[in-house]
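Trainee:
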Amino acid sequence: MKQDVKSALVLLVGSILFYFYVIPVQVKGYEGQGIALLPSFIPGVAVISIIALSIFILLESIFKREGQAAENKETRIIRPRGILAFAIIAGSVYLIDFFGYLIGTSITLSLLLFYFGVRDWKTILLMVIGVTSTLYFLFQRLANVMLPPGRIF
Amino acid sequence: MAGVTFGIIVGATPGLTTSIGMAIALPLTFYMSPVAAISFLIGINKGGVYGGSVSAILLRTPGTLAAVTTVFDGYPLAQKGKAGKALKMAIDASVIGDGFSDLVLIFSAPLFASLALKMGPPEICVLMFFALTFVAGLSGRSLYKGLIAAALGFLFATVGIDPIVGTPRFTFGIFELRRGISLLPALIGLFAISEILIQGERKLVDLGKSVLRFSRNPDDNRVTLEDMKTCGMTILRSSIIGTFVGALPGLGSSVAAALSYGVARKMSKRPELFGKGSLEGVAACEAGNNATVGATYIPLLTLGIPGSVPAAVLLGGLMIQGITPGPLIFQKQAHLIYPIFGLMLVANLINLFLGNIGARFFLHIAKIPRRIIFPILTLVCITGVYTINNSLLDVKLMIVFGLLGYLLRKLDFPLLALLLGFILEPHFEVSLRQSLLMSGGNPTIFLVRPVSLILLICTILFVGLLGKSFGRKLGAAKGIKGS
Chain C
70 MKQDVKSALV LLVGSILFYF YVIPVQVKGY EGQGIALLPS FIPGVAVISI
120 IALSIFILLE SIFKREGQAA ENKETRIIRP RGILAFAIIA GSVYLIDFFG
170 YLIGTSITLS LLLFYFGVRD WKTILLMVIG VTSTLYFLFQ RLANVMLPPG
220 RIF
Chain Y
89 MAGVTFGIIV GATPGLTTSI GMAIALPLTF YMSPVAAISF LIGINKGGVY
139 GGSVSAILLR TPGTLAAVTT VFDGYPLAQK GKAGKALKMA IDASVIGDGF
189 SDLVLIFSAP LFASLALKMG PPEICVLMFF ALTFVAGLSG RSLYKGLIAA
239 ALGFLFATVG IDPIVGTPRF TFGIFELRRG ISLLPALIGL FAISEILIQG
289 ERKLVDLGKS VLRFSRNPDD NRVTLEDMKT CGMTILRSSI IGTFVGALPG
339 LGSSVAAALS YGVARKMSKR PELFGKGSLE GVAACEAGNN ATVGATYIPL
389 LTLGIPGSVP AAVLLGGLMI QGITPGPLIF QKQAHLIYPI FGLMLVANLI
439 NLFLGNIGAR FFLHIAKIPR RIIFPILTLV CITGVYTINN SLLDVKLMIV
489 FGLLGYLLRK LDFPLLALLL GFILEPHFEV SLRQSLLMSG GNPTIFLVRP
539 VSLILLICTI LFVGLLGKSF GRKLGAAKGI KGS
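Chains as they are written, first to last, in the working numbering: chain C, 70 to 222; chain Y, 89 to 571.
This is how it looks when you write it as structure tokens:
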């Protein structure tokens with residue numbers, strides 16, 4: 070199935086669910102006001118726009134010729150390495166929250182350096198000590214920002 | 089000089105904004121004379137607004153909100169080996185825009201302030217609607233995708249407490265979400281983190297190379313006379329737009345940059361280059377965002393109303409020094425204000441000097457291999473975003489936006505349209521609902537006020553021109569298909 074068809078379907082279904090199930094629960098307004106004054110006005114307009122536009126993209130993609138769809142096909146593929154990089158970065162939040170800033174960022178930086186292709190352990194060690202301590206000094210000492218102490222300390 | 093230098097460093101660091109830089113420096117001003125103290129803070133502001141463009145151009149990570157739109161043409165230029173040219177155009181346009189608004193401040197502050205006061209909610213609403221029409225021009229190949237991206241931006245901007253009624257929207261029971269999604273985590277996520285994820289897909293052998301190409305052609309590392317001729321009108325136009333937007337309380341440099349970019353693209357002889365490495369694009373953003381610096385002090389000095397966060401910090405600085413902003417400042421404390429104005433102009437020259445020297449130094453940073461720079465950049469982003477509100481939720485939001493930006497780029501949805509929607513929605517919604525409250529729900533309020541009506545007519549004409557332009561493109565595409 071063409072990528073545009075898939076993305077249009079996801080947007081269409083997601084927006085419909087959002088309009089009927091999320092907005093009524095998450096947005097409360099006051100009765101007796103004109104429609105434009107309700108807190109749900111702008112979110113409602115935005116979601117309805119997405120529904121309508123998704124239908125247009127769906128129709129356009131279904132009737133589009135194959136040659137046009139093949140443009141930039143290579144760069145549009147979602148690759149596992151990109152998702153893995155996301156997983157490492159996402160995991161860093163929990164590492165920092167649990168172990169604290171210094172240990173959490175040291176582990177994150179080591180993993181990222183290894184993931185991006187640095188194989189020399191001395192380079193990794195040097196980078197981890199240098200970068201983490203510089204950032205710690207800049208933000209915690211100079212800018213007086215309290216960096217996360219972690220749950221175990 | 090110290091202020092500008094510190095400002096450039098702060099601005100170039102993702103996560104550290106000029107407001108944070110000014111706030112850090114505020115206690116130091118206790119020990120300075122009034123003129124030195126205020127000039128120091130203003131120097132940080134000027135340097136910081138330019139500094140944001142450095143990381144935007146070299147690392148695709150806007151260092152400050154003001155450099156939001158500089159990414160779109162600055163980074164592609166750098167990828168083509170013209171990082172030096174982009175950096176130098178950024179500093180030149182910044183200084184010209186900044187100087188322009190400083191002169192407006194010096195010579196016409198009271199007049200400008202009274203004009204700005206006449207802009208009520210209906211005028212702001214129509215102005216924001218006008219800015220939203222640029223989404224169509226920035227949508228790239230698919231107008232529908234551009235509009236969906238803008239609608240998504242609108243939706244994300246509604247998270248938090250409703251500005252009129254005060255009820256929570258889309259907080260899903262998370263108390264911290266009541267303050268809404270801050271622009272900086274969203275920005276850094278959409279651009280920097282998504283870029284890191286895309287770079288992470290590369291083969292290991294490619295990750296050993298530097299992020300950017302570097303050209304040995306001297307013309308690729310400087311701004312030529314020809315470049316200045318091409319960008320001159322753009323810089324002037326953007327300076328006017330930035331000064332106007334800067335004088336309006338609450339809008340900010342990111343709105344000025346977005347408006348300037350949209351207008352520049354519309355008026356350019358080569359609009360197809362925008363988003364792919366147009367020097368005009370860089371010039372427009374930087375002139376527009378820097379032109380807000382002087383202008384943002386107009387309502388502060390003449391009316392005592394800080395129209396932006398940096399202006400609010402400066403208000404603190406003024407109060408520490410015993411300077412009372414307001415209508416009488418030019419009579420009672422002229423001996424302090426006019427020297428400050430003079431030093432503001434000098435700060436622009438210092439910014440120009442340091443920016444040109446700094447450009448050579450900053451280029452070396454971009455020579456560092458991808459495998460080193462992107463992990464470090466990730467850490468800087470995480471730390472910087474955390475410091476905004478001392479909250480890991482902001483970091484989580486940044487990462488979520490990073491994934492969203494990655495997916496949208498893969499599916500060919502324009503990020504700029506999403507960003508425009510996100511930036512403009514709060515101003516648009518508040519002014520729309522305030523206007524309707526003022527008129528008792530009657531939408532003709534936008535037609536009966538002269539300034540609002542003029543802006544509305546301009547918007548309709550602009551939409552008509554856009555429609556004509558799209559119709560021509562569609563016709564041309566059908567013609568190619570037929571042949």
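Note that the Cβ used here is the ideal one computed from N, Cα and C, for glycine as well.
1. Quick check: is the beta carbon of Y:Val397 nearer than 8 Å to any beta carbon in chain C?
2. Just curious, the alpha helix (DSSP H) that Y:Ser527 is in, first and last residue?
3. Which of the three DSSP states, helix, strand or coil, is assigned to Y:Lys569?
4. Would you identify the three-state DSSP class for Y:Arg310, choosing helix, strand or coil?
5. To test your reading of the DSSP string, which unbroken alpha helix (DSSP H) runs of 4 or more residues are found completely within the region 415-452 of chain Y?
6. Starting from the C-beta of Y:Ala154, find all residues in its chain whose C-beta is less than 7 Å away, skip the five residues before and the five after it, and write them out in chain order.
7. Along the alpha helix (DSSP H) that carries Y:Glu374, what are the first and last residues, could you check?
8. Mind pulling the chain Y residues with CB within less than 7 Å of C:Lys97?
9. Name the DSSP bridge partner or partners of Y:Ser249?
10. Closer than 7 Å to a non-hydrogen atom of the ligand ATP - does that hold for the CB of Y:Val311?
11. So which residues on chain C does Y:Phe242 lean against when the C-beta distance must stay under 9 Å?
12. How long is the line joining the alpha carbons of Y:Met432 and Y:Ser303, rounded to whole angstroms?
13. Establish whether the CB of C:Gly219 and some CB of chain Y are separated by less than 8 Å.
14. Do you know how far the Cα of Y:Ile212 is from the Cα of Y:Phe279?
15. Are the C-beta atoms of Y:Arg521 and some chain C residue less than 8 Å apart?
16. Which chain Y residues sit within Cβ distance under 8 Å of C:Asp166?
17. Taking the Cβ atom as the reference point for each residue, do Y:Ala178 and Y:Ile145 lie within a distance shorter than 8 Å?
18. Can you tell which of Y:Ile281, Y:Leu549, Y:Gly552, Y:Val183 has the C-alpha that lies nearest to the C-alpha of Y:Pro463?
19. Can you give me, in chain order, the residues of the region 228-239 of chain Y that have a beta carbon less than 8 Å from any beta carbon in chain C?
20. Whose Cβ in chain Y lies nearer than 8 Å to the Cβ of C:Arg210?
21. Contact between the region 345-363 of chain Y and the region 314-331 of chain Y is defined here as three or more beta-carbon pairs at a separation below 8 Å; is this criterion met?
22. Can you tell me whether C:Arg210 is buried or exposed, with buried defined as 16 or more other CB within 10 angstroms of its CB?
23. Strictly below 7 Å CB to CB, what residues from chain Y border C:Ala159?
24. Less than 8 Å between the CB atoms is what I'm expecting for Y:Gly234 and Y:Pro502, so what's the real figure, rounded?
25. State the Cα-Cα distance for the pair C:Pro217 and Y:Leu388, rounded to the nearest angstrom.
26. Closest to Y:Leu114 by C-alpha separation, out of Y:Arg353, Y:Leu403, Y:Ile386, would be which residue?
27. If the cut is a Cβ gap below 8 Å, which residues of chain C does Y:Ile284 touch?
28. Going along chain C in order, which residues have a C-beta closer than 7 Å to the C-beta of Y:Thr466?
29. Using a cut-off of 7 Å between C-beta atoms, extract the partners of C:Pro108 located in chain Y.
30. Given a cut-off of 8 Å on the beta-carbon distance, is the pair Y:Met459 and C:Gly186 in contact?
31. Under the DSSP definition of a beta bridge, which residues are partnered with C:Val96?
32. Could you tell me whether any Cβ in chain B is nearer than 8 Å to the Cβ of C:Val200?
33. Does the region 118-135 of chain C come close enough to the region 79-96 of chain C that 3 or more CB-CB pairs lie under 8 Å?
34. Exposed or buried, C:Met196, counting other C-beta atoms within 10 Å across all chains shown (16 or more means buried)?
35. For the region 231-245 of chain Y against the region 496-511 of chain Y, do three or more pairs of beta-carbon atoms, one drawn from each stretch, fall closer than 8 Å, so that the two count as touching?
36. Y:Ile236 to C:Val74, Cα distance in whole Å?
Mentor: From the atom records:
1. no
2. Note, Y:Ser527: premise wrong, no alpha helix (DSSP H); not H, not E.
3. Any reading at Y:Lys569 must be qualified, since the residue scores a pLDDT of 46, below 50, and its modelled position is unreliable; no value is offered.
4. coil
5. 417-420
6. Val137, Gly140, Ser341, Ser342, Ala345, Asn377
7. 367-383
8. Thr255
9. Checking the sequence, you will find Ile at residue 249 of chain Y rather than Ser. In the DSSP output, where bridge partners are listed per residue, Y:Ile249 has Y:Pro256.
10. Of ligands this structure carries none, so the ligand ATP is not represented either.
11. Ile111, Pro112, Val114, Ala115, Ser118
12. 35 Å
13. no
14. 28 Å
15. yes
16. Leu480
17. yes
18. Y:Ile281
19. Ser230, Tyr232, Lys233, Leu235, Ile236, Ala239
20. Simply none; closest approach about 12 Å.
21. yes
22. exposed
23. Ile487
24. 5 Å
25. 36 Å
26. Y:Leu403
27. Ala154, Ile158
28. Ile158, Leu181
29. Asp250, Val253, Thr255, Arg257
30. The amino acid occupying residue 459 of chain Y in the given sequence is Arg; Met does not appear at that position. Contact: yes.
31. Y:Arg257
32. Annotation note: the requested chain B is absent from the structure, which comprises protein chains C and Y.
33. yes
34. buried
35. yes
36. 15 Å
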